[in-house]
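Here's the structure we're looking at; comments come further down.
There are 4 protein chains.
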Amino acid sequence: MPPNASRRSERSRRAILDSALDLVGEVGYARTSIEGIAARAGVGKQTIYRWWPSKGAVLLDALLALSEGEEGEVEDLPDTGDLEADLKLVMRATVAELTDPRYDAPMRALATEILHDPALRAQWSERLDGPLRRLKEERLRSAQAAGELPGELDIALAIDLIWGPVFHRWLQSEAPLTAEFADQVVASAMHGLRG
Amino acid sequence: MPPNASRRSERSRRAILDSALDLVGEVGYARTSIEGIAARAGVGKQTIYRWWPSKGAVLLDALLALSEGEEGEVEDLPDTGDLEADLKLVMRATVAELTDPRYDAPMRALATEILHDPALRAQWSERLDGPLRRLKEERLRSAQAAGELPGELDIALAIDLIWGPVFHRWLQSEAPLTAEFADQVVASAMHGLRG
Amino acid sequence: MPPNASRRSERSRRAILDSALDLVGEVGYARTSIEGIAARAGVGKQTIYRWWPSKGAVLLDALLALSEGEEGEVEDLPDTGDLEADLKLVMRATVAELTDPRYDAPMRALATEILHDPALRAQWSERLDGPLRRLKEERLRSAQAAGELPGELDIALAIDLIWGPVFHRWLQSEAPLTAEFADQVVASAMHGLRG
Amino acid sequence: MPPNASRRSERSRRAILDSALDLVGEVGYARTSIEGIAARAGVGKQTIYRWWPSKGAVLLDALLALSEGEEGEVEDLPDTGDLEADLKLVMRATVAELTDPRYDAPMRALATEILHDPALRAQWSERLDGPLRRLKEERLRSAQAAGELPGELDIALAIDLIWGPVFHRWLQSEAPLTAEFADQVVASAMHGLRG
DNA sequence: GGATAACCGAGACGGTACGTCCGGTCTTACC
DNA sequence: GGTAAGACCGGACGTACCGTCTCGGTTATCC
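Protein chains in written order, with the numbering used here: chain U, 491 to 685; chain G, 491 to 685; chain H, 491 to 685; chain E, 491 to 685.
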């Protein structure tokens, strides 16, 4: 899809992603402009338009680059045999990330941008949400196999029941998003699903 | 707060709210501009700026006007003594509204605008979300009093557990938002909370 | 043709014309941009685009405003009864203007822009060249009536013969444009035409 | 001045000159870009920048190549002993060339470009205008020697008097440039000069 | 019932950013 | 080492809207 990726300047790519994240953190997503990103990155606007279709796409890449830089890149959800304990661990990590100031602003921005830009949503699904969702499905199926969850349980429903309250509180509610809340959500959801 | 509401032209007010809703429906929120609303409403831009602080505020009013026009204006959540049945009823209505094409686009738009505009969020909380939330709390407390829910239950947590999955699926997931899903979420959440 | 001339800001109009002339004088026509004019004039770009169709049109107006400011606004060519003497006077004035540094750069620029922009050429003809040409025709016809020129002489040809060499040297030749040259051209052309 | 002319691709050179002429003819000089020429010629931009300093320089070469292709490459102005007749012949040929659609657009373009680009002007003088001017001077001096023109006549002045009206009408006037006009200009100018 | 003040439509204004085009330079791979 | 290809930084284009600011015209109170 990109013009000719082989000749692409890695230097400019990094500068653009860094500048985008910095600007979103400093002035917010709405006041972050492509022009501003280009200027701060010391890059021509065309270099951004050549490789990304929109401001949101730049931010998505920036966010992916950021999480790839982390050591704890999740390969698999923990599977100790105790689903509830494992999910609490995972959910606390999720809450920690969602409240990390480095991630919070750009991720909120992306989450809303996705609602208006189908192309961006497709990218997000393919590169961020999809892989994560597959890990969740895997872990839940493993729990089904182990008898921790009913065999006939609808996995997609289960995922929304477990993670939905957390994401809802993150984006839509004014109540605080804490580790305790994560634990309570997991406990309650697990209890509800086990029936 | 408004200059002098008594002299306000009701005709212009209606035309603005209608045009705003129409435009959001036709071209999407992002491509709806104040200038566009003014032009379609046959109104000077200043008339919009005089009475509303932002595009989102216009839309919030438009949405409120829309739901006030409905007959089924909710005064109280049903309370038949069977919490689960009552909630299923309520949740099905919510899902119906969220998937109604007249509401869907503007409500999604508003939901995201709120994330970036604190003043708008305050209005939203005060005039839409707050009243609803109070009804939910009331109904849940009534259930506590009736022994259907544990007395020590954190009501705010309960609300997020029950409604979170639905709103999460509405805004963030690609899975369909159906009446069945509403029922399942309520059933599962209730079972989890009753423990 | 303009949107609504009555509400036009005279202040901005003057600032734009002045800035345009200044910039053409300082950096040349090619490096003068609409953006640059707007910036120097302290004016939004749209204010230029609202009232002028092109950079050349701004310059034409600026030039017209400049010459309107002069006291010696020509109303009629002198007519003392001695055509050759009168024309020498006029031609020396023309040469003086063409070599005046305030006029030279913008007028050269305009003269070339006209070759590529038919709309601009029409304006130029109507507001600058045409009126002047009519004065010339008038004076020559008066000379015909007085018997100083043959009655059957083609006036358009005569004008090109008299003024052509001067404008040619101004724009195309590297030889200097002097008052003596003006005199010689008039003398020689008159002699050629009288035959 | 060019890097190493020996390795130069004749194929590319021709393609560039042809494309330049074609584009100027089709979309005009202003909308002809170096990128456009390169693209149409199937050539890298660098290949143009390596061998020519500017768009105008390409066009000058293209024009020279075009006239070299003509059979009637002027080596000398005709000298039959009748200056007026000779000049009429020459002037009619000039008019024919200036109104030839193949030459007209690019030559107008070049004539104006020269006003803004001193380097190009130097090239133009050296390779097109200068040689022609020398031929004209030669022919006029020959006429002086033959007694057809006064011995003390300023040759440069004479050239401007004879050719000025034609070039002026070509570039600046809206009146048509015809063979009759050429004849009349020569006749009148000759009469004026002979005095 | 005439003055007057607020609202209204219209739209010009100084700005910011858009997404595109092209200038001139540099880099890569090929021949 | 010249070439086709094209990425790069940068500057300007002409457009869309922003939010503010007059303009006249029209109500709708209040003296």
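The beta-carbon is built from N, C-alpha and C at its ideal position, and this holds for glycine as well.
- Residue-level contact check: Gly546/U does not touch chain G, since none of the beta carbons of chain G fall below 7 Å from its beta carbon.
- DSSP places Gln662/E outside any alpha helix (DSSP H), giving it a letter other than H or E.
- Closest option to Gln662/U, judged by alpha-carbon separation, among Ile649/U, Leu550/U, Pro591/U, Thr602/U: Thr602/U.
- Within the stretch 645-668 of chain G, the residues whose Cβ lies closer than 8 Å to any Cβ of chain U are, in chain order, Ala646, Leu647, Asp650, Leu651, Trp653, Gly654, Pro655, Val656, Phe657, His658, Arg659, Leu661, Gln662, Ser663, Glu664, Ala665.
- The alpha-carbon separation between Asp650/E and Glu670/H amounts to approximately 14 Å.
- Contact between Val548/H and Ile604/H is ruled out by a C-beta separation of about 14 Å, above the 8 Å threshold.
- Taking a C-beta distance under 7 Å as the contact criterion, Thr522/E and Val514/E qualify as a contact pair.
- Separation of Thr589/U and Leu667/U (C-alpha to C-alpha, rounded to the nearest whole angstrom) is 8 Å.
- Nearest to Ala583/G by alpha-carbon distance, out of Met680/G, Val676/G, Gln634/G, Leu683/G, is Val676/G.
- By the criterion of at least three beta-carbon pairs nearer than 8 Å, the stretch 564-572 of chain E is in contact with the stretch 629-645 of chain E.
- Residue range 669-684 is occupied by the alpha helix (DSSP H) that includes Val675/U.
- For the pair Ala552/E and Leu511/E, the CB atoms are nearer than the 7 Å cut-off.
- Within the stretch 537-583 of chain G, the alpha helix (DSSP H) runs of at least 4 residues that lie entirely inside it are, in chain order, 545-559.
- Sequence-ordered contacts of the stretch 604-620 of chain H with chain E read Ile604, Leu605, His606, Asp607, Arg611, Ser615, Asp619 [C-beta pairs closer than 9 Å].
- Looking at the backbone, the Cα of Phe657/G and that of Asp619/U are separated by about 17 Å.
- Inter-residue distance for Leu554/U and Met597/U is about 11 Å (C-alpha atoms, whole angstroms).
- Comparing C-alpha distances from Arg659/E to each of Glu664/H, Met581/H, Ile652/H shows the shortest one belongs to Ile652/H.
- Residue state for Val656/H is assigned as helix, using DSSP reduced to three classes.
- Taken in chain order, the complete alpha helix (DSSP H) segments of 4 or more residues contained in the stretch 607-659 of chain H are 608-614, 620-635.
- Boundaries of the alpha helix (DSSP H) around Ala510/H: 500-517.
- Against chain U, the CB of Ala552/G has no partner CB under 7 Å away; the residue lies outside that interface.
- For Ser496/G, the three-state secondary structure derived from DSSP is helix.
- Here the C-alpha atom of Thr537/U lies approximately 41 Å from the C-alpha atom of Pro591/E.
- DSSP, reduced to helix, strand and coil, places Gly526/H within a helical segment of the structure shown.
- Between Ser523/H and chain E, the shortest Cβ-Cβ separation is not below 7 Å.
- When 7 Å is used as the limit between beta carbons, Leu573/H is near no residue of chain E, the shortest such separation being about 14 Å.
- Spatial neighbours of Arg611/G in its own chain (CB-CB distance under 6 Å, excluding positions within 5 residues in sequence) are listed in chain order as Ile604.
- Under the 7 Å criterion on CB atoms, Gly682/U is classed as interfacial with respect to chain G.
- Using a 10 angstroms sphere on the CB of Asp566/U, the tally of other CB atoms stays under 16, which defines it as exposed.
- Counting C-beta atoms within 10 angstroms of its own C-beta, Ser678/U has 16 or more neighbours from the protein chains shown and is therefore classed as buried.
- Arg598, Ala599, Ala601, Thr602, Glu603, Ile604: these are the residues of the stretch 590-604 of chain E whose beta carbon lies less than 9 Å from some beta carbon of chain H, given in chain order.
- Nearest in C-alpha terms to Met581/U, of all of Leu550/U, Lys626/U, Asn494/U, Ala529/U, is Lys626/U.
- Taking C-alpha positions only, Tyr593/G is separated from Ala586/U by approximately 34 Å.
- Look at Val585/U here: in three-state DSSP terms it is helix.
- Here Gly682/U really is in contact with Gly682/G; their C-beta atoms are around 3 Å apart, less than 8 Å.
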